[in-house]
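Colleague: The numbering used here numbers the first residue of the sequence shown as 221 and each following residue consecutively. Using N, Cα and C, we set each Cβ at its ideal position, and we do this for glycine too. Note that the coordinates shown come from a computational prediction; the quantities given were computed from them, not determined experimentally.
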Amino acid sequence: MSGLMELVILVPCCFFLVALIKFLYDYLWVPLRIQHLMNSQGIKGPPYKFIHGNNEEATKMREEALSKPMALRHDIFPRVQPHIYTWINRYGKIHACFSL
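#1: Applying the 10 Å Cβ sphere with the 16-neighbour rule, what's the burial state of Y268?
#2: In the DSSP assignment, find the unbroken alpha helix (DSSP H) run with W307 in it and report its ends.
#3: Quick check on the DSSP output: the alpha helix (DSSP H) that includes S258 runs from which residue to which?
#4: Are the stretch 276 to 287 and the stretch 296 to 303 touching, with three or more C-beta to C-beta distances below 8 Å?
#5: Could you pull out every residue in the same chain whose Cβ sits closer than 7 Å to the Cβ of V238, ignoring the five residues on either side in sequence?
Written out as structure tokens, the structure reads:
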């Protein structure tokens, strides 16, 4: 009976451990490795933030840009995609950003 009880406890624990390892691999190891490879090739960009990538920063920039009144000119790119506009000015036309 104790062998069956150990098996009932061990199997879900193994599944949980495998799921945790896959989660950390997908959301921590891979983005940090890509960021390191890009930086080594001279491609800069905003730093990766765990789980959210750069989505929170992009959302804040978008909300801030939409809260201001629009200027009377044809250049709407800073208003439509302010995060891309800011990162191009900060890191150059070739840059990397993470959205998960």
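Modeller: Straight from the coordinates:
#1: Here residue 268 corresponds to residue number 48 of the sequence shown, with the count starting at 1. Per the 10 Å Cβ criterion, buried.
#2: On the sequence shown, position 87 is the one that residue 307 refers to. Bounds of the alpha helix (DSSP H) holding W307 are P302 to Y311.
#3: If you number the sequence shown from 1, residue 258 lands on position 38. According to the sequence provided, residue 258 is Met. The question's Ser does not apply to it. V250 to S260 is the extent of the alpha helix (DSSP H) around M258.
#4: These segments touch.
#5: Residue 238 sits at position 18 when you count from the first residue of the sequence shown. Closer than 7 Å at Cβ, skipping near neighbours: no residue.
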